[in-house]
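**Q** Quick one: the structure is below, and I'll ask about it shortly.
Quick look at the structure:
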């Protein structure tokens with residue numbers, strides 16, 4: 001298609017959102033069609049598809065079986081950490097979901113009740129999510145293995161009637177027992193569920209029902225053995241489907257609400273238009289159901305579309321090697337895959353020449369999508385070279401639930417630009433603003449904001465806290481949702497996202513994004529990944545400090561001094577002397593959340609001599625111990 005298709009869709013989505021999204025809603029099956037596509041009677045609390053009734057599980061499973069797709073594969077489970085593979089047709093998955101929904105119903109779970117799901121990447125996690133949707137219950141998935149304090153905070157806020165857990169999760173080097181952490185979380189939570197259901201895994205079985213508790217503890221297999229399948233419960237389009245808590249919260253966690261109607265419409269539209277995935281195509285999202293990416297693009301969007309989704313219980317490297325992703329794509333006929341840039345950097349570090357790619361038949365792989373953090377140009381170039389397919393950066397947030405800015409491969413593929421996730425997606429009126437709320441000229445950095453109303457599928461509010469929603473997202477610029485990210489729009493309308501606005505350095509009055517300095521560091525051939533933080537400086541207010549992880553085949557002891565000097569010079573050449581980068585440390589690893597985001601704020605606090613707030617989402621807290629001698633100021 002010509003770029004006119006994108007321009008026409010984008011313009012129409014903003015000038016006539018009722019017509020645009022009303023048309024998109026026809027791809028969803030409604031038991032009662034909406035009476036109002038966009039209810040703008042109570043700004044800033046806009047609601048989509050008011051008056052409509054539907055069931056998300058029906059749209060994800062039942063309708064496909066009814067329409068003759070029952071024998072098509074819906075879900076592929078690929079678990080190198082257990083040596084297990086399995087696949088489920090739409091009919092088989094529907095049977096499992098209906099039965100588990102019946103099991104939940106037998107415990108008294110009803111429409112509007114909350115259910116916390118604390119599970120690893122196993123098919124039962126998907127089954128539990130869809131079973132809640134089937135009953136009209138609201139699920140809240142907590143990443144398996146979260147610490148008791150973090151889990152307890154989410155239980156306190158969501159107040160579930162039931163908790164569904166697995167006995168353990170499996171890492172490449174260890175088994176993580178979940179039940180003791182769940183017990184500790186429930187002990188410290190003032191809210192107690194009525195039921196706890198535990199899926200027993202053979203790698204570490206849990207003690208179920210042995211403690212004297214206020215709640216009933218049940219074995220998953222025993223519960224479903226006696227359960228009668230449950231039908232679908234219709235809900236309002238504006239009723240919540242799930243609550244997902246954002247990472248790195250302190251105090252009361254921040255629960256992002258996702259409604260049923262807008263979510264189904266937006267995700268169905270996005271699969272076809274952004275990812276170019278239709279019924280029968282195989283889609284592999286290497287993420288976790290504990291994150292928004294897992295909710296949207298492992299579970300709901302592929303199944304709403306009638307595609308085949310791959311559930312992968314493994315890592316990008318080490319299970320068993322850096323060719324794991326390519327094996328999955330080859331074995332399951334994947335048309336498109338989606339993961340975080342961090343995963344590709346890990347693969348590149350282990351296999352810098354991409355030799356393992358050549359061991360697999362990737363002829364059916366047409367595109368790769370990366371999101372979750374800034375895709376540095378060097379990683380983009382590497383992935384493009386070794387895979388030989390379009391590598392599509394795109395940008396979105398837990399709050400939005402689907403992409404804000406992307407290259408729409410199914411609607412109107414455009415030229416790709418290194419360092420940019422391309423153009424605003426229809427429905428998102430993206431602006432770059434200065435501190436007074438005025439749009440900045442093209443090519444000038446500012447705060448990225450989205451003019452209200454946000455499109456369907458985005459958060460309508462926070463769980464139980466409208467005031468916090470307004471204060472946290474809508475109060476800085478009237479009529480706009482503040483993304484918290486900074487960036488710039490070029491003359492072609494392509495957005496570059498340079499990082500969180502709190503990652504903007506103020507060096508002697510010059511505002512510099514850490515993203516631009518990181519891009520210069522990442523371009524060095526010896527660097528696998530990097531982070532830049534701003535540390536306090538008496539003279540300049542802040543100065544940047546670089547931390548780099550070298551590729552596996554680089555000898556840091558022999559070449560470290562040369563590499564550090566070259567990195568300082570690269571930043572001077574590419575960003576300018578004003579960046580004042582003098583110190584670059586070579587480190588073994590960078591602290592990250594389990595979703596792959598680098599914890600720059602935590603490192604910045606350490607470098608400034610403060611006690612860091614370490615989020616419960618950290619992947620490996622021991623990395624901070626190795627960084628402490630490097631980061632902590634003398635004395």
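Residue numbers (full-length UniProt numbering): 1 to 635. Ideal Cβ positions, reconstructed from N, Cα and C, are used throughout, including at glycine. Treat the numbers as computed from the prediction; the structure is a model and nothing was measured.
Any contact between the region 256-263 and the region 234-245? By contact I mean 3 or more CB pairs, one from each, below 8 Å.
**A** Yes: at least three Cβ pairs fall under 8 Å.
**Q** If you draw a straight line from the C-alpha of residue 13 to the C-alpha of residue 144, how long is it?
**A** Distance between the alpha carbons of residue 13 and residue 144 is about 38 Å.
**Q** Could you check if residue 134 is buried or exposed, using at least 16 other CB atoms within 10 Å of its CB as the buried criterion?
**A** Classification for residue 134: buried.
**Q** Whole alpha helix (DSSP H) runs in the region 67-141 with 4 or more residues, listed along the chain?
**A** Segments of the alpha helix (DSSP H) lying fully in the region 67-141: 90-106, 123-135.
**Q** Who are the near neighbours of residue 40 in its chain, counting only those whose CB is closer than 8 Å to its CB and skipping five residues on each side?
**A** Only 46, 453 meet the Cβ criterion.
**Q** Flag this pair as yes or no: are the beta carbons of residue 160 and residue 140 separated by less than 8 Å?
**A** Cβ distance < 8 Å, so residue 160 and residue 140 count as in contact.
**Q** According to DSSP, is residue 617 part of a helix, a strand, or is it coil?
**A** Residue 617 falls in the coil class under three-state DSSP.
**Q** Write down the C-beta distance between residue 312 and residue 78 rounded to the nearest angstrom, noting that I regard them as a contact closer than 8 Å.
**A** Yes, they are in contact, since the Cβ atoms of residue 312 and residue 78 sit about 5 Å apart, within 8 Å.
**Q** Under three-state DSSP, which class holds residue 552?
**A** Looking at residue 552 - three-state DSSP - the assignment turns out to be coil, as it is neither helix nor strand.
**Q** With DSSP collapsed to three states, give me the class of residue 246.
**A** Residue 246: coil per DSSP, three-state reduction.
**Q** Please list the terminal residues of the continuous alpha helix (DSSP H) segment that includes residue 325.
**A** Taken as a continuous stretch (DSSP letters only), the alpha helix (DSSP H) holding residue 325 covers 324-331.
**Q** Nearest-angstrom Cα distance between residue 599 and residue 330?
**A** Roughly 33 Å between the two C-alpha positions.
**Q** Within its chain, find whatever has a CB closer than 7 Å to the CB of residue 80; leave out the 5 residues flanking it on each side and keep chain order.
**A** Within the same chain, residue 80 has close Cβ partners 314, 319, 320, 324.
**Q** Between residue 300 and residue 460, what straight-line distance do the alpha-carbon atoms span, to the nearest angstrom?
**A** So the alpha carbons of these two residues sit roughly 19 Å apart.
**Q** Which of the three DSSP states, helix, strand or coil, is assigned to residue 285?
**A** Strand.
**Q** From residue 155 to residue 138, what distance separates their C-alpha atoms?
**A** Rounded to whole angstroms, residue 155 to residue 138 spans 13 Å at the Cα level.
**Q** Which residue comes first and which comes last in the beta strand (DSSP E) that contains residue 579?
**A** Counting along the chain, residue 579 falls outside any beta strand (DSSP E), and DSSP gives it neither H nor E.
**Q** Grab the span of the alpha helix (DSSP H) containing residue 639 for me, first residue to last.
**A** Examination of residue 639 is not possible in this model, given that the chain is present from 1 through 635 alone.
**Q** Whole alpha helix (DSSP H) runs in the region 143-188 with 4 or more residues, listed along the chain?
**A** With a minimum length of 4 residues, the continuous alpha helix (DSSP H) runs that stay inside the region 143-188 are 148-158, 179-188.
**Q** Excluding sequence positions up to five away, which residues of its chain have a Cβ less than 7 Å from the Cβ of residue 172?
**A** These residues qualify, in order along the chain: 81, 315, 318, 319.
**Q** Entirely within the region 310-372 and at least 3 residues each: give me those beta strand (DSSP E) ranges in chain order.
**A** The qualifying runs are 336-339, 367-370.
**Q** Please list, in chain order, all residues of the same chain as residue 469 whose beta carbon is under 7 Å from its beta carbon, the five residues on each side excluded.
**A** Here the set comprises 461, 462.
**Q** Which value, in whole angstroms, describes the spacing of the CA atoms of residue 20 and residue 590?
**A** Near 44 Å, if we compare the C-alpha coordinates of residue 590 and residue 20.
**Q** Does any CB atom of chain B fall closer than 8 Å to the CB of residue 531?
**A** In summary, chain B is missing from the structure at hand, where a single protein chain is found.
**Q** With DSSP run on the structure shown, which of helix, strand or coil describes residue 469?
**A** Note: residue 469 maps to helix in three-state DSSP.
**Q** Sort out for me which residues DSSP pairs residue 392 with in a bridge.
**A** Answer by DSSP bridge pairing, in chain order: 369.
**Q** Determine the closest residue to residue 530 out of 163, 611, 223, 546, with distance taken between C-alpha atoms.
**A** Cα-wise, what sits closest to residue 530 is 546.
**Q** So for residue 307, helix, strand or coil by DSSP?
**A** Coil, per DSSP.
**Q** For residue 410, collect the residues of the same chain with a Cβ closer than 6 Å to its Cβ; drop the 5 residues on either side in sequence, then sort them by chain order.
**A** Counting only Cβ-Cβ distances below 6 Å, and skipping sequence neighbours, we find 272, 273, 276.
**Q** What's the gap between the Cα of residue 663 and the Cα of residue 17?
**A** Within the shown structure, residues of the chain are numbered from 1 to 635, placing residue 663 beyond reach of any answer.
**Q** Using a 10 Å radius around the Cβ and a threshold of 16 neighbouring Cβ atoms, would you call residue 85 buried or exposed?
**A** Answer is exposed; the Cβ neighbour count stays below 16.
**Q** What separation, rounded to the nearest whole angstrom, lies between the Cα atoms of residue 175 and residue 169?
**A** Residue 175 and residue 169: Cα-Cα distance of roughly 6 Å.
**Q** DSSP on residue 221, reduced to helix/strand/coil?
**A** The answer is helix: DSSP assigns residue 221 an H, G or I state.
**Q** Given this structure, state the Cα-to-Cα distance separating residue 536 from residue 10, to the nearest angstrom.
**A** So the two alpha carbons sit approximately 43 Å from each other.
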